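What follows is a single structure, written as structure tokens, with notes after it.
In my numbering, the protein residues as written are 150 to 430.
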């Protein structure tokens, strides 16, 4: 959506703050599980959005997309983008069909901390080319997760992500990037999925405490995108399919925490986060 201010340094998070973000991440993962279960031919995208909104309300979580400022405020709690729609698709009366690729992006705030995730769901069987596009997109996100603790600078990770996409014959969207996340949804730094002269100017060091929303957007052919008349929905210029996947990640001294991981069954009650240590006397 809106890029963070690149002039501010990233805010490093403590172990306790990362644990609090993980509680928000669990809710986001569960919301996406609801969407995955609903995503079948004949379902309207607005129905999925309504289900996620009800879920967040039940758990006293603040949906971060609804009302997000733009030329018109974003009207929903999820971005639901189909096929050539890359990101920021507005839920409505569109009916899902077999062979579609559905991108679902959502974020919430719980107890003052945010988490953001996106998945791409094939609706029934999809073409071999769409299946390969999805596989490459998911592999690209996994490359970032694997390399975060092994590299010193983000550009070293982004270059490997870009290389993987382009070697597969696809393209990385450069008009939109990932972002830092924490107390608000869009914090510094900007987190591009590619490297060029401009992104190198705002490169950042990878250090414990960083919390990043890493979100590769991969197009079937050309990287160029356009925004539709609703002022939100972004589509590929060539109208070919696109994939979007995202995780909120925390870099720690011992590795990477996937804040928005879905670990399977969750208790319905929020888990208790350890109390902060008492200040030294």
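Every residue, glycine too, gets a C-beta built ideally from N, C-alpha and C.
Remember, it's a predicted structure, so these values are computed and weren't measured experimentally.
With a floor of 4 residues, list each alpha helix (DSSP H) that falls wholly inside the stretch 293 to 320, ordered by position along the chain.
303 to 316, all fully within the stretch 293 to 320.
Over what stretch of residues does the alpha helix (DSSP H) that includes residue 201 continue unbroken?
Note, residue 201: alpha helix (DSSP H), 194 to 207.
Completely contained beta strand (DSSP E) runs for the stretch 234 to 291, where each covers 3 or more residues
Secondary structure in the stretch 234 to 291: the beta strand (DSSP E) runs of 3 residues or longer, each lying completely within the stretch, are 234 to 236, 250 to 259 and 262 to 271 in chain order.
Measure the CB-CB distance between residue 255 and residue 226 and report whether it falls below 9 Å.
Contact flag set, yes.
Close-in-space but distant-in-sequence residues of the same chain around residue 275 (CB under 6 Å, 5 per side omitted)
Answer for residue 275: 248, listed in chain order.
Is there a Cβ from chain C that is less than 9 Å from the Cβ of residue 291?
The chain labelled as chain C is not found in the depicted structure, where only one protein chain is given.
Mapping the DSSP letters down to three states, classify residue 402 as helix, strand or coil.
DSSP places residue 402 in coil when its eight states are reduced to three.
Sorted by chain position, which residues of the same chain lie with C-beta nearer than 7 Å to residue 334's C-beta, five sequence neighbours on each side aside?
213, 256, 263 and 265, listed in sequence order.
For residue 346 and residue 306, I'd like the C-alpha separation in whole angstroms.
A straight line joining the alpha-carbon of residue 346 with that of residue 306 spans about 15 Å.
Answer yes or no: do residue 188 and residue 294 have a C-beta to C-beta separation smaller than 9 Å?
Cβ atoms of residue 188 and residue 294: not closer than 9 Å.
Do residue 355 and residue 330 count as a contact pair if the criterion is CB distance below 9 Å?
For residue 330 and residue 355, no; Cβs fall outside 9 Å.
Buried or exposed for residue 302, going by 16 or more other Cβ atoms inside 10 Å?
It counts as exposed.
Per-residue burial, residue 280 [other beta carbons within 10 Å of its own, 16 or more giving buried]:
The residue is exposed, with fewer than 16 neighbouring Cβ atoms inside 10 Å.
With DSSP as the reference, identify every bridge partner of residue 115, one or two as the case may be.
Nothing about residue 115 can be reported from this structure: the residues present for the chain run from 150 to 430 only.
Name the two residues that bound the continuous alpha helix (DSSP H) containing residue 174.
Here the alpha helix (DSSP H) through residue 174 covers 164 to 187.
If you compare alpha carbons, which of 313, 290, 183 and 371 is closest to residue 340?
Nearest option by C-alpha distance: 290.
Quick check on the DSSP output: the beta strand (DSSP E) that includes residue 391 runs from which residue to which?
First-last of the beta strand (DSSP E) with residue 391: 391 to 393.
At the level of alpha carbons, what is the spacing between residue 312 and residue 200?
Roughly 38 Å separates the two Cα atoms.
If you draw a straight line from the alpha carbon of residue 206 to that of residue 267, how long is it in whole angstroms?
Taking the straight line from one Cα to the other gives about 20 Å.
Need the endpoints of the beta strand (DSSP E) that residue 362 sits in, please.
Residue 362: member of the beta strand (DSSP E) spanning 360 to 363, first to last residue.
N-terminal and C-terminal residue of the beta strand (DSSP E) that residue 324 is part of
Neither: residue 324 is in no beta strand (DSSP E) and is coded neither H nor E.
Assign residue 336 to one of three DSSP states: helix, strand, or coil.
In the structure shown, residue 336 sits in a strand (DSSP, three-state: E or B).
Could you check if residue 233 is buried or exposed, using at least 16 other CB atoms within 10 Å of its CB as the buried criterion?
Buried, by the Cβ-count rule.
What do you reckon, are the CB atoms on residue 407 and residue 400 nearer than 9 Å?
For the 9 Å CB-CB criterion, residue 407 and residue 400 do not form a contact.
DSSP three-state label for residue 385, please.
Shown here, residue 385 sits in a strand according to DSSP, grouped into three states.
Can you tell me where the beta strand (DSSP E) with residue 411 in it begins and where it stops?
Run containing residue 411: none; DSSP gives neither H nor E here.
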